[in-house]
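Asker:
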Amino acid sequence: MTVLVAYATKGGSTAEIAGWIAEELRAAGLPVEVRPAAEVSGLAPYDAVVLGAAVYAGGWHNDARAFAHRFAVEAPPRPVWLFSSGPLDDVADVRDLPPVHQAEIAAHELRARGHATFGGKLSAEAHGWLGFVARRLAREGHGGDFRDPPRVRAWAREIAAALAAGPAGSGAGGSGT
Numbered sequence: 003m004t005v006l007v008a009y010a011t012k013g014g015s016t017a018e019i020a021g022w023i024a025e026e027l028r029a030a031g032l033p034v035e036v037r038p039a040a041e042v043s044g045l046a047p048y049d050a051v052v053l054g055a056a057v058y059a060g061g062w063h064n065d066a067r068a069f070a071h072r073f074a075v076e077a078p079p080r081p082v083w084l085f086s087s088g089p090l091d092d093v094a095d096v097r098d099l100p101p102v103h104q105a106e107i108a109a110h111e112l113r114a115r116g117h118a119t120f121g122g123k124l125s126a127e128a129h130g131w132l133g134f135v136a137r138r139l140a141r142e143g144h145g146g147d148f149r150d151p152p153r154v155r156a157w158a159r160e161i162a163a164a165l166a167a168g169p170a171g172s173g174a175g176g177s178g179t
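Take 3 as the starting number for the sequence shown in my numbering and just add one per residue.
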């Protein structure tokens, strides 16, 4: 069973989260391919999909939204999980956050088994090229790395367990679906 971990990122931190997920899936014995969502041309080589996207100004990254729309017919019956990264505080670690509206639409289109929201990252080096909103957030003291690698890795292990359980596996739900 080959798993695709696709991601849509602007500053690279969502790609890092995708890498942590892939490491855990590989540790569970699953072959994994990690790719930017915009570069995926088909799902035929994959038996399961994990799609992640950065959230900016309350919206899911365009490349992830396009991926969901492009593969809405092809994805099922593959098991699919979604994740979002973006809150620039620890709220994602304190309670389950519902997916943003665009991630809800993607979950419906792809018939996702679950969704999780993880903290985001806004580094001092990155905010200059991310634009006005990022510069303002950094000026207001919202920069930093709010990702929780152990939480991400635990979620990935839940996915691996669900895949090992087969079609009857309950899946790694997370919030919102």
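Yeah, the Cβ is synthetic: ideal placement off N, Cα and C, and Gly gets one too.
The alpha helix (DSSP H) spanning L165 covers which residue range?
Answerer: Run containing L165: 151–167, per the alpha helix (DSSP H) assignment.
Asker: Under the assumption that V102 contacts G61 (Cβ atoms under 8 Å), give the Cβ distance between them as a whole number of angstroms.
Answerer: Contact holds; Cβ gap of about 7 Å.
Asker: Kindly give me the distance between the Cβ atoms of A39 and A77, rounded to whole angstroms, as I take these residues to be in contact under 8 Å.
Answerer: Their Cβ separation, rounded to whole angstroms, is 12 Å, which puts A39 and A77 out of contact at 8 Å.
Asker: Does the beta-carbon distance from V42 to A8 come in below 7 Å?
Answerer: Contact flag set, yes.
Asker: Taking the alpha carbon of F120 as the reference point, which residue from G14, L99, G13 has its own alpha carbon closest?
Answerer: For the residues G14, L99, G13, the minimum Cα distance to F120 belongs to L99.
Asker: Going by DSSP, what residues sit across from W22 in a beta bridge?
Answerer: W22 pairs with nothing; no bridge assigned.
Asker: Expressed to the nearest angstrom, what Euclidean distance is found between the alpha-carbon atoms of H148 and S15?
Answerer: The question names His, but residue 148 in the sequence shown is Phe. Near 10 Å, if we compare the C-alpha coordinates of S15 and F148.
Asker: Under the rule that 16 or more other beta-carbon atoms within 10 Å means buried, what is P47, buried or exposed?
Answerer: The residue is exposed, with fewer than 16 neighbouring Cβ atoms inside 10 Å.
Asker: Just the Cα atoms here: how many angstroms apart are I107 and G31?
Answerer: Cα to Cα, the separation comes out at about 31 Å.
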